[in-house]
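Working notes, beginning with the structure itself.
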């Protein structure tokens, strides 16, 4: 049990989202059964999108990374995926997650959207749901460490009300912070 806030997440809702171009996605919590879909999603990202998401270049996620991405701690973590249904199978087109510190006061977040789905409001929708979950859990501050060159993340963070500051000791990184 989360002793600090007395909240134990039991089940998380799902949402249907209409994007700017009229396409529909379903946003839901990630599940361990999403392992191969998550692998395909990450592999399908452009080199730049993978570099921005993971703060370095990876070509494919390791088995250990996949374990961490799909098997979350329901007390300290939340992870959402946006999925479409293609040929009777779901395909991940976006993901957002946070992980809180042991006291559940602060959480670090990340979001990534498949390149062909960018610019449609999906990152904004994923982050709004993630922010709502963090607030409902009593988390006080959400933050993200990102590459300073990542203009899309800067635009999203500013739109959602995050403040920006330089990362001490590394001019290539910035920290976005949102008091909840």
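Residue numbers (full-length UniProt numbering): 1 to 180. By construction, the Cβ of each residue, glycine as well, lies at the ideal position given by its N, Cα and C atoms.
- In the structure shown, residue 44 falls within a helical segment according to DSSP collapsed to helix, strand and coil.
- Boundaries cannot be given for residue 87, as no alpha helix (DSSP H) includes it and DSSP labels it neither H nor E.
- Proximity of the region 156–173 to the region 118–132 meets the contact definition, three or more beta-carbon pairs being nearer than 8 Å.
- Comparing C-alpha distances from residue 103 to each of 137, 52 and 32 shows the shortest one belongs to 137.
- In this structure, the straight-line span from the alpha carbon of residue 88 to that of residue 30 is close to 18 Å.
- For residue 130, the enclosing alpha helix (DSSP H) stretches over residues 122–136.
- For the set 115, 172 and 107, the Cα lying nearest the Cα of residue 130 is the one of 107.
- DSSP places residue 154 in the uninterrupted alpha helix (DSSP H) bounded by 151–159.
- Note on geometry: alpha-carbon atoms of residue 109 and residue 96 lie some 7 Å from one another.
- Residue 59 and residue 50 have their C-alpha atoms spaced approximately 8 Å apart.
- In this structure, the alpha-carbon of residue 117 lies about 13 Å from that of residue 111.
- Exclusion of the five residues before and after residue 99 leaves 76, 77, 107 and 108 as the residues of its chain whose Cβ lies within less than 7 Å of its Cβ.
- Closest in alpha carbon position to residue 150, among 57, 174 and 27, is 174.
- The three-state secondary structure of residue 20, taken from DSSP, is coil.
- Residue pairing of residue 97 in beta bridges, as defined by DSSP: 79 and 110.
- When the beta-carbon positions are compared, residue 28 and residue 70 stay at least 8 Å from each other.
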